[in-house]
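*Asks:* Can you read through this structure? Questions will come right after.
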Amino acid sequence: MKIIDLHSDTILGMKMKGEENFENNEFMIDLTKLAKGESFVQCLGFFDFKPMSNYDYEVFKQGEQFAEKIFAKYADKLTIVKSVKDIAEAENSGKQMFMLTKEDIGCINSDLNILKAEYDFGYRIMGFTWNFENCVGFGNSTDAVVREGSPTVYPHMNDGLKPFGKQVTEYMNELGVIIDCSHLSDGGFWDLIDISTKPFIATHSNCRSICSHVRNLTDEMIKALADKGGISGLNFCPEFIDEKTGCTIEGMIAHLKHMMKVGGEDFLACGTDFDGIGGELEIPDFSKIQLLIQAMETAGFTANQIEKFGYKNAMRVFGEVIG
-1 MKIIDLHSDT ILGMKMKGEE NFENNEFMID LTKLAKGESF VQCLGFFDFK
49 PMSNYDYEVF KQGEQFAEKI FAKYADKLTI VKSVKDIAEA ENSGKQMFML
99 TKEDIGCINS DLNILKAEYD FGYRIMGFTW NFENCVGFGN STDAVVREGS
149 PTVYPHMNDG LKPFGKQVTE YMNELGVIID CSHLSDGGFW DLIDISTKPF
199 IATHSNCRSI CSHVRNLTDE MIKALADKGG ISGLNFCPEF IDEKTGCTIE
249 GMIAHLKHMM KVGGEDFLAC GTDFDGIGGE LEIPDFSKIQ LLIQAMETAG
299 FTANQIEKFG YKNAMRVFGE VIG
C-alpha cells in the first residue's frame, strides 16, 4: 500500500547532526526505509527551535540551504513535488517524491512578501505555529507540556488568530497553500473554520477523547474539520497515542477507528512525526509502516478505507487546495 506521510522532522534532525547521508542512515526516514515502506509522497517539515514570538528569516534559511545540498546530492533518486501534476508526472520515474512543509511560520515576521518567497521556494503545506506564540497566533501547548505528555491546558489555548493570522489565512487560500492546524491553539482552529474558504488539515494529530493530550483534536474539532473537507494525519508519538501504553499498533488502530466514527472515512490520513518523536515505538521507522496497514486489514477496515488512509484522502486535499 503506497503511503503519503504528511509530517516528519527528518531534514531538521539531519541538519542538527550534520548528517548528509540520505540513502541509509540512523534516522527513522531515509531513501532506503522509504522504499521498503512503500512511500508515495513523504512530507519534509521545516522549522527552527526558537522559544520566542518570531525569529529571523535568515536563520531559518540555513535549514533550507542544507536541504538544497541534500536534494542536489541525491537528484537522481528524489524529486520535490509542488502540485498534483508533479506527482502524476513523477510517479513512474523511480524517484522518491517529497513535498516541503513548514511547521511554523514565525520567520515571516508579519511580512507577506516572505510568505510568498517561501511559497516560491516550494512549500505547499504550512503550519501557523509550533509550540510558541508568533505573529499569526498561539500554539496549543508549551514545549514543556508536549515533552512531558501533560494534558495541562496552555494559558493561550482558547486565544484565536491575531489580525495578521486572519490575513495570512486568506492569502494562503489565494496562493494554494494547505494550512496545517496541528500545533495551533483551539481558538485559532475555530477561527480557521470560520475564515478559511479551502479545506485545511492537521498533519500530525490524534483524538483527544482517547488520549487527553492538548496536541490531539476534540471530537467537535474532528467533526468540524471533516465537514470542511479536511483530514488528520495519525501521529505515531507515544504521548499522543496512549498516556499509559505508549505507541502500540493496537492504540493506533483505536485512534483510526475513532477518527472514522466521528469524521468519516474521508478524514483518515497518515502523519507519522518520524524523527520528531522518541520512546518505545511498535513501528520504529518508515520501513515497518506496512505493519499498520496489515493491522488495519485485520481490524476490519475495507480496502478502500485503507487506501483513503494511505494516500487517497491526502491526494484529494492536494487537488482541492494546491492544484
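In terms of the working numbering, the sequence shown opens at residue -1 and continues consecutively. Heads up, the beta-carbon is just placed ideally off N, CA and C, and yes, glycines get one too. These figures come from a predicted structure and were not determined experimentally.
1. If we count Cβ pairs, one from each stretch, closer than 8 Å, do we get three or more for the stretch 203 to 222 versus the stretch 177 to 195?
2. Can you check whether the CB of Phe25 is closer than 8 Å to the CB of Met14?
3. For the beta strand (DSSP E) containing Tyr121, list its first residue and its last residue.
4. I need the boundaries of the beta strand (DSSP E) containing Phe162, first residue and last residue.
5. With DSSP run on the structure shown, which of helix, strand or coil describes Lys13?
6. Going by beta-carbon coordinates alone, are Asp102 and Gly269 separated by less than 8 Å?
7. Sort Glu116, Leu76, Asp273 by Cα distance to Asn233 and report the nearest one.
8. Using C-beta distances below 6 Å, list every residue in its chain close to Asn22, excluding the 5 sequence neighbours before and after it, in chain order.
9. Can you give me the Cβ contacts of Ser81 inside the same chain, cut-off strictly under 7 Å, excluding the 5 residues immediately before and after it?
10. Tell me which residue opens and which closes the alpha helix (DSSP H) that Val57 is part of.
11. Quick one: what's Gly137 bridged to in DSSP?
12. In its own chain, which residues sit with a C-beta less than 7 Å from the C-beta of Pro197, not counting the 5 before and 5 after it?
13. Is Phe307 close to the ligand NAD? I mean its beta-carbon at under 7 Å from any heavy atom of the ligand.
14. Below 8 Å on the Cβ atoms is my contact criterion, and I expect Thr195 with Asp178 to pass it. Report the Cβ-Cβ distance as a whole number of Å.
15. Residues in the same chain with beta-carbon distance under 6 Å from Lys286, minus the five sequence neighbours each way, listed in chain order, please.
16. Between the stretch 153 to 171 and the stretch 121 to 133, do at least 3 Cβ pairs fall closer than 8 Å?
17. Nearest CA to the CA of Ile176: which residue from Gly125, Arg213, Met250?
18. Could you check the C-alpha separation between Glu36 and Gly298 for me, to the nearest Å?
19. Could you tell me which residues DSSP pairs with Ala200 in its beta bridges?
20. Which of the three DSSP states, helix, strand or coil, is assigned to Lys80?
21. So what's Ala322 in DSSP terms, helix, strand or just coil?
22. Check Ser285 in the structure and name its three-state DSSP category.
23. Which of the three DSSP states, helix, strand or coil, is assigned to Thr246?
24. Are the CB atoms of Met(-1) and Ile304 nearer to each other than 8 Å?
25. Between the alpha carbons of Phe58 and Ile9, how many angstroms are there, rounded?
26. Could you give the DSSP three-state label for Gly147: helix, strand or coil?
27. What number of angstroms, rounded off, separates the C-alpha of Cys235 from the C-alpha of Ile112?
28. Would you mind stating whether Leu76 and Lys93 have Cβ atoms separated by less than 8 Å?
29. Anyone know if the C-beta pair for Asp264 and Lys306 falls short of 8 Å?
30. Report buried or exposed for Asn138, applying the criterion of at least 16 other Cβ atoms within 10 angstroms of its Cβ.
31. Report the rounded CA-to-CA distance for Thr243 versus Gly277, giving the unit in angstroms.
32. Cβ of Asp3 less than 8 Å from any chain E Cβ?
*Replies:* Working from what's here:
1. The stretch 203 to 222 makes contact with the stretch 177 to 195; the number of CB pairs closer than 8 Å reaches 3 or more.
2. Not closer than 8 Å, so no.
3. Per DSSP, Tyr121 belongs to the beta strand (DSSP E) from 121 to 125.
4. No beta strand (DSSP E) holds Phe162; the alpha helix (DSSP H) holding it covers 161 to 173.
5. helix
6. no
7. Asp273
8. Asp28, Thr30
9. Ile320, Gly321
10. Val57: member of the alpha helix (DSSP H) spanning 55 to 71, first to last residue.
11. Leu182
12. Lys226, Gly227, Gly228, Val315, Glu318, Val319
13. Ligands displayed in this structure: none; no statement on the ligand NAD is therefore possible.
14. Not really, about 17 Å apart at Cβ, beyond 8 Å.
15. none
16. yes
17. Gly125
18. So the alpha carbons of these two residues sit roughly 21 Å apart.
19. Ser230
20. coil
21. In the structure as shown, the chain begins at -1 and stops at 321. Residue 322 is therefore absent and cannot be evaluated.
22. helix
23. coil
24. At a Cβ-Cβ threshold of 8 Å, Met(-1) and Ile304 count as neighbours.
25. 13 Å
26. Note that Gly147 scores 49 on pLDDT, short of 50, meaning its location in the model is unreliable; the coordinates nonetheless yield the value given after this. Gly147 falls in the coil class under three-state DSSP.
27. Approximately 31 Å, taken between the alpha carbons.
28. Result yes, Cβ atoms of Leu76 and Lys93 sit closer than 8 Å.
29. yes
30. Under this definition Asn138 is a buried residue.
31. Taken atom to atom, the span from the alpha-carbon of Thr243 to that of Gly277 is near 11 Å.
32. Checking the listed chains, one finds no chain E in this structure; it contains a single protein chain.
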